[in-house]
Amino acid sequence: MAVSTVLFDVDGTLALLPIDWGGILRLVQVESCSANSFLGFVYKCHGTEAFWRVHRVLRELELRAVNSLVILDDSPNLVKKLCKRYSLGFVTMQCREAADALLSKLGLSSCAKVVLARESARNRVEQVAKAVKTLGVEPSEVLFIGDKVLDGFAAYVNGAKAVVVLRGGTCDRVSDTDYITEDLEALGIPVVKSLGEALELSAKLGWIEPP
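For the sequence shown, this note's numbering begins at 192 and goes up steadily by one.
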């Protein structure tokens with residue numbers, strides 16, 4: 192079934208922001224939410240004073256990092272090809288100001304029907320749900336492309352289609368009995384190595400028109 196809407200994760204899928212995540216993790220670990228990771232912290236502490244303290248520090252780092260962003264896979268041109276044919280949305284765990292600045296630098300601001308950042312939701316599952324609701328479409332009409340296993344699961348939970356882009360040298364073995372790509376395949380979620388491959392495969396599956 193063809194889709195009417197394509198959602199993209201931003202950081203890690205369309206571009207990379209050079210941020211010292213080790214420093215952010217150390218900042219997170221001194222807060223009182225008992226989180227071992229940044230995404231865990233956002234989920235557990237969203238909306239609290241601790242969340243906003245970390246948010247303000249990270250906001251400044253993100254806004255500076257936009258000036259040094261690394262574009263991935265010729266993403267601006269690939270996304271612009273979809274802009275006239277589909278409703279496009281963008282989700283990120285960066286702050287909204289950084290997301291807007293990043294999309295502007297990529298030349299994609301005019302394509303964005305919805306932009307959701309970490310201020311709007313605790314995790315990717317909630318972001319996808321809010322994007323679908325805001326756009327007023329059926330989940331089955333949505334394709335979500337991201338760069339994390341969680342992106343694939345978030346789409347699946349919400350009833351949307353997904354492709355996960357895992358670049359570079361990856362190791363999909365979590366334990367002796369658990370493989371990431373196997374788990375994704377069992378849910379019908381393809382894994383590719385670039386944004387271009389994600390769009391080509393989506394076309395082959397009949398989800399979008401050939402890019």
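Yeah, the Cβ is synthetic: ideal placement off N, Cα and C, and Gly gets one too.
query                                                                                                                                        : result
Looking only at C-alpha atoms, which of K395, T325, G298 sits nearest to K271?                                                               : G298
Provide the residue(s) that pair with L294 in DSSP beta bridges, ordered along the chain.                                                    : Paired residues: none, contrary to the question.
Please classify A206: does DSSP put it in a helix, a strand, or coil?                                                                        : strand
I need the boundaries of the alpha helix (DSSP H) containing I380, first residue and last residue.                                           : No alpha helix (DSSP H) holds I380; DSSP gives it neither H nor E.
Express the C-alpha separation of L386 and V263 in angstroms, rounding to a whole number.                                                    : The sequence shown places Leu at residue 263, not Val. So the two alpha carbons sit approximately 8 Å from each other.
Give the C-beta separation of A351 and V319 to the nearest angstrom, bearing in mind that I take them to be a contact with Cβ-Cβ under 8 Å.  : 6 Å
Entirely within the segment 249-322 and at least 4 residues each: give me those alpha helix (DSSP H) ranges in chain order.                  : 266-274, 287-297
Return the Cβ separation of L307 and K324 in integer angstroms, given the expectation that the two are a contact with Cβ distance under 8 Å. : Between K324 and L307 the Cβ distance is about 11 Å, and since that is not below 8 Å, they are no contact.
Less than 9 Å between the C-beta atoms of V257 and L218, yes or no?                                                                          : no
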